[in-house]
Every structure is written in structure tokens, then in C-alpha cells.
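Numbering (the numbering used here), first residue to last: 568 to 618. We treat Cβ as the ideally placed atom computed from N, Cα and C, and that holds for glycine.
The following block contains the structure:
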């Protein structure tokens with residue numbers, strides 16, 4: 568997942584969690600959380616780029 572997809576998923580998650588007019592879909596929220604977490608874990612495990 569690239570950074571644009573990551574940001575889009577975070578925005579969607581924020582919208583789903585904070586908009587009272589949206590029906591809560593727990594499975595979708597958990598899926599988004601898993602995808603975002605996976606992206607975060609990959610960023611931690613990748614070695615830093617050195618020139």
C-alpha cells in the first residue's frame with residue numbers, strides 16, 4: 568500500500584468512527600485497522616535508506 572492509499576484508509580476509518588449518521592460495520596472497521604497496522608509494521612521493519 569502506498570502513502571496515498573494509507574492516508575485514504577485513515578480518513579475512511581476516521582469518518583466511519585466519528586460520523587454518527589453512518590451505520591457501524593465492525594467487520595469493515597477491523598479490516599481497515601488491520602490494513603493500517605500492517606502498513607505501520609512494514610514501515611518499522613524496513614531498514615532506513617542510507618546514501
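Asked: Assuming residue 596 and residue 583 form a contact by the criterion Cβ under 8 Å, report the distance between their Cβ atoms to the nearest whole angstrom.; Found: 6 Å
Asked: Hey, would you say residue 579 sits closer than 8 Å to residue 599, going by beta carbons?; Found: yes
Asked: State the start and end residues of the unbroken alpha helix (DSSP H) segment that holds residue 572.; Found: 570-585
Asked: Could you tell me whether the Cβ atoms of residue 592 and residue 568 are closer together than 8 Å?; Found: no
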